Structure formats: structure tokens, C-alpha cells
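Engineer: After the C-alpha cells below, expect a handful of questions from me.
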Amino acid sequence: MSRPIQIVPSILAADYAHLGDEVVAADRAGGDRFHLDVMDGHVVKNLSFGPDTIRAIRPLTQKPFEVHLMVTPACDWIGALKAAGSDRILIHVALEADTAAIMHAIREAGMAAGLVLTPDDPAASVTPYLDLIDYINVLTVTPGFGGQSFLTSMMQKVSTLKTLIGAHAIDLAVDGGVNQATVEVAARAGANIFIAGTGIFATGRTHYAQTINAMRQAAETGRAA
Ligand code: DX5
Ligand code: ZN
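Using the numbering used here, you'd call the opening residue of the sequence shown number 84 and step up by one each time.
Structure below.
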């Protein structure tokens, strides 16, 4: 059975001067959950926000919060991210010495755990963890910054992952350069979760609903192809 299609706003591209309004608008526009890129300036060459920001926006929406954690060591942040209101933590598959231990720690803290593949990580890198995760995020840009172009070359990896996932209850996401034009090819390759920063927030607050609807339609079209 195919997994539900979800459109996930990534607040990295939101207007930080009005972050609360942005979250409310993306929620009302039909975003299915929120993607929160937490960066420490070392794993990737950028800084974003941390648990305090997550805690501040948590009361503004009932939708789940997924943290894309680009901070080491990940284990130091699991408790704080849970306390701030995170529902799921995603970590890069090749970043830590003991990925399985971190997946277990995230689950023991009462959250869901997922893995992220950078463009350099092969599909098979997730194989040892398929029983520990419910989410795989394929980066379709070099991590760290919004507004880059979607790497269509990652679609072969998405297809391979779809096969690897098989009957496991695991969502398959694409993240980076996702917009109305690129959703379709990703859905055709097998993705069911579409994470978009610039693709949603750069369209202007009055257009978020229209944009999210168009992305959802493009995903249905791609899946049916
Ligand atoms: C990049 C992040 C993405 C980022 C995507 O490191 O993982 O979540 O927000 O931004 P856009 O959608 O603008 O490419
Ligand atoms: Zn991300």
C-alpha cells in the first residue's frame, strides 16, 4: 500500500522577523508537518536555530515537528529537542560513530527516528537501520542552505530506496530544491514526503495554500505516472 503524500514546509526559508505568523500561515495553507533544520556551523557551514525557537513556535500549530539535526554530538540534544516539542529527529546516516545507538535514544525519548542521506551517501547505507526508523530523507541539494537547485541525479537513489524499503512502514522524503516543478519527478521515483522551504515561503504568504495544493497535485500526478 502506498504511503500518504505529505507537503512539509521547511521554516529555514521563512521570514524570521515574522516567524510565528509564517508558521500559522503555512499550517492554515495545508502544510502537513513542519521541517526544522537545526545547524551548528560545523556539520554544515551555516547556523540556524535551536530548541528555544522550536519551543516558541510549538503552541502555534498542532502539526508534527520534525527536526533535521545537523549538530554533533546528536545525543547531547535529544532531551532538549523533545522538551521543546519535537516529534521526530532525523540525523545524517554517516555522521555519528554509532547511528543505531542514536536511533534507539531518540525512540526511548518518545520520538520517532529517521535518517538523512546526503548526496554522497548511497542508498544501501540505510540497510542496517530499517527496523529502527520510520522515515528516510534524501537530500536533493548539498545540505546547509536553502534556495539551491534540485538534484535530479538523486532520483535513481530514491527509486533504489523505495525498493529497499519494501514492506517496511517507512516514509521516503526529498529535501532541497523541492517546488511545484520538481515534486512530480520525485513522486514518480517513489518519494511520498516533499519538504520545501523556498518552494513554499518565497511564493508570498497569500500564495501558500495555492502552492501547497499545486505541489500535492503534482505529487499525485507523479505517483500515477
Ligand atoms: C538544507 C535543508 C533543507 C532546506 C531546503 O540543508 O535540509 O530542509 O530548508 O531549502 P529549499 O527548499 O529552499 O531548498
Ligand atoms: Zn532539511
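Heads up, the beta-carbon is just placed ideally off N, CA and C, and yes, glycines get one too.
Since this is a predicted model, take the numbers as computed values, not measurements.
Counting by C-beta, which residues lie closer than 5 Å to a heavy atom of ligand 2, in chain order?
Structural biologist: Asp120, His151, Asp258
Engineer: For the segment 245-260 against the segment 220-230, do three or more pairs of beta-carbon atoms, one drawn from each stretch, fall closer than 8 Å, so that the two count as touching?
Structural biologist: Yes, the segment 245-260 touches the segment 220-230.
Engineer: Might you give, ordered along the chain, the residues of its own chain that have their beta carbon closer than 8 Å to the beta carbon of Tyr212, omitting 5 neighbours on each side?
Structural biologist: Val176, Thr182, Ala183, Met186, Leu198
Engineer: Please indicate yes or no: does the CB of Phe228 lie closer than 7 Å to some heavy atom of ligand 1?
Structural biologist: yes
Engineer: Does the distance from the C-beta atom of Glu303 to that of Ile88 stay below 8 Å?
Structural biologist: Their beta carbons are under 8 Å apart, which means Glu303 touches Ile88 by this criterion.
Engineer: Considering only the beta carbon of each residue, do Thr155 and Glu191 sit closer than 8 Å?
Structural biologist: no
Engineer: How far does the alpha helix (DSSP H) with Ile268 in it reach, from first residue to last?
Structural biologist: Correcting the residue identity first, residue 268 is Val in this sequence and not Ile. That run of the alpha helix (DSSP H) goes 266-272.
Engineer: Please look up how many angstroms separate the CB atoms of Leu95 and Gly229, rounded, as I've assumed it's under 8 Å.
Structural biologist: 5 Å
Engineer: Given a threshold of 16 other Cβ atoms within 10 Å of its Cβ, counted over all protein chains shown, does Lys240 qualify as buried or as exposed?
Structural biologist: buried
Engineer: Taking buried to mean at least 16 other C-beta atoms within 10 Å of its own C-beta, is Thr210 buried or exposed?
Structural biologist: It counts as exposed.
Engineer: Tell me, please, which residues DSSP counts as bridged to Leu173.
Structural biologist: In the DSSP assignment, Leu173 is bridged to His151, Gly197.
Engineer: Within 10 Å of its beta-carbon, does Ala301 have 16 or more other beta-carbons around it, so buried, or fewer, so exposed?
Structural biologist: Burial is judged here by how many other beta carbons sit within 10 angstroms of a residue's own beta carbon; Ala301 has at least 16 and is buried.
Engineer: Tell me whether Leu78 sits in a helix, a strand or coil according to DSSP, three-state version.
Structural biologist: Residue 78 falls outside the range modelled here, since the chain spans only 84 to 308, and no answer is possible.
Engineer: Can you tell me where the beta strand (DSSP E) holding Val221 begins and where it ends?
Structural biologist: Under the DSSP assignment, Val221 falls in the beta strand (DSSP E) whose first and last residues are 218-222.
Engineer: Hey, quick one: how far does the alpha helix (DSSP H) through Leu255 stretch, first residue to last?
Structural biologist: Taken as a continuous stretch (DSSP letters only), Leu255 belongs to no alpha helix (DSSP H), being part of the beta strand (DSSP E) at 254-258.
Engineer: According to DSSP, is Ala112 part of a helix, a strand, or is it coil?
Structural biologist: coil
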